[in-house]
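Remarks on the structure that follows.
In the numbering used here, the protein residues as written are 3 to 253.
Right, dumping it as structure tokens:
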């Protein structure tokens, strides 16, 4: 035990005699960046130099090729150039082996939106405009509609199934460009029964001025079961972003 204590003492004295050791500036910067980005309790994976084989392999002689897969990336609209340069995504199907081997199916790279977070709301994200219409189209960044702003919707009978369009304007505030956000549209009937209608993914564009907003349209099948006031609701995760009320009337 005394020998171990003596070894420990000598190491401590040697370390103290060495004085302060300054880390290189690039190491300090990397550590600061890590603290800022990697939140506590989260799991992160480093995909630098990773290879994703999404396309199916080619078949052996006289055998069928493999089906292509789907690589889904959530939360961004596209891979940033610096990240794309450090990883390989192989979507091509492999060739079949001679004789008679079938080629592999091609893979798909898919980007999906994430749910809105409280930080997005704090950054100014909101949906200031949302309403149904008889017809909605978006062109050149503008909403073109026919028969919008319903007070009531007439149906010949109940239950009644139909297709409705809706227009919405999303303001992003200072939410990070290239983020991909998902929004759900549902209907709440007079009995407080909620039915999901549609989901839409919206990419945050690069701002060109003090405001950053986009217009989008949604088309959904809906079935009315009862007369009375219904609510069309836009949510993302647990956050309620917009609501539009209208009455369903029997002709």
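Backbone N, C-alpha and C fix where the C-beta goes; we use that ideal spot for every residue, glycine too.
Computed from a predicted model, the values in this text were never measured in an experiment.
Residue i CB to nearest heavy atom of the ligand PLP below 7 Å
{"i": "residue 73", "result": "No copy of the ligand PLP appears in this structure; indeed no ligand is present at all."}
Cα-Cα separation between residue i and residue j, rounded to whole angstroms
{"i": "residue 232", "j": "residue 165", "result": "15 Å"}
{"i": "residue 159", "j": "residue 83", "result": "55 Å"}
{"i": "residue 161", "j": "residue 138", "result": "25 Å"}
{"i": "residue 214", "j": "residue 86", "result": "26 Å"}
{"i": "residue 227", "j": "residue 197", "result": "11 Å"}
{"i": "residue 177", "j": "residue 242", "result": "18 Å"}
{"i": "residue 171", "j": "residue 145", "result": "9 Å"}
{"i": "residue 73", "j": "residue 56", "result": "7 Å"}
{"i": "residue 246", "j": "residue 181", "result": "26 Å"}
{"i": "residue 155", "j": "residue 49", "result": "51 Å"}
{"i": "residue 81", "j": "residue 68", "result": "26 Å"}
{"i": "residue 237", "j": "residue 51", "result": "37 Å"}
{"i": "residue 114", "j": "residue 15", "result": "57 Å"}
{"i": "residue 235", "j": "residue 88", "result": "41 Å"}
{"i": "residue 27", "j": "residue 18", "result": "23 Å"}
{"i": "residue 183", "j": "residue 220", "result": "15 Å"}
{"i": "residue 142", "j": "residue 151", "result": "22 Å"}
{"i": "residue 192", "j": "residue 199", "result": "16 Å"}
First through last residue of the alpha helix (DSSP H) which encompasses residue i
{"i": "residue 123", "result": "120-124"}
{"i": "residue 85", "result": "83-86"}
Beta strand (DSSP E) segment containing residue i, residue limits
{"i": "residue 228", "result": "First-last for residue 228: undefined, no H or E at that position."}
{"i": "residue 52", "result": "Neither: residue 52 is in no beta strand (DSSP E) and is coded neither H nor E."}
{"i": "residue 157", "result": "154-157"}
{"i": "residue 249", "result": "241-252"}
{"i": "residue 72", "result": "72-76"}
{"i": "residue 203", "result": "196-205"}
{"i": "residue 69", "result": "Here residue 69 belongs to no beta strand (DSSP E), and DSSP marks it neither H nor E."}
{"i": "residue 114", "result": "110-114"}
Simplified DSSP assignment, three categories, for residue i
{"i": "residue 94", "result": "coil"}
{"i": "residue 16", "result": "helix"}
{"i": "residue 27", "result": "helix"}
{"i": "residue 6", "result": "helix"}
Check whether residue i and residue j have beta carbons under 8 Å apart
{"i": "residue 91", "j": "residue 54", "result": "yes"}
{"i": "residue 148", "j": "residue 102", "result": "no"}
{"i": "residue 135", "j": "residue 167", "result": "yes"}
{"i": "residue 132", "j": "residue 244", "result": "yes"}
{"i": "residue 110", "j": "residue 70", "result": "yes"}
{"i": "residue 157", "j": "residue 116", "result": "no"}
{"i": "residue 58", "j": "residue 98", "result": "no"}
{"i": "residue 249", "j": "residue 230", "result": "yes"}
{"i": "residue 276", "j": "residue 216", "result": "The structure shown does not extend to residue 276, since the chain is modelled only from 3 to 253, so the question has no answer here."}
{"i": "residue 118", "j": "residue 239", "result": "yes"}
{"i": "residue 93", "j": "residue 108", "result": "yes"}
{"i": "residue 112", "j": "residue 163", "result": "no"}
At which residue ranges does the stretch 136-186 contain complete beta strand (DSSP E) runs of 3 or more residues, listed in the order of the chain? Within the stretch 136-186, the complete beta strand (DSSP E) runs of at least 3 residues are 144-150, 154-157 and 162-173.
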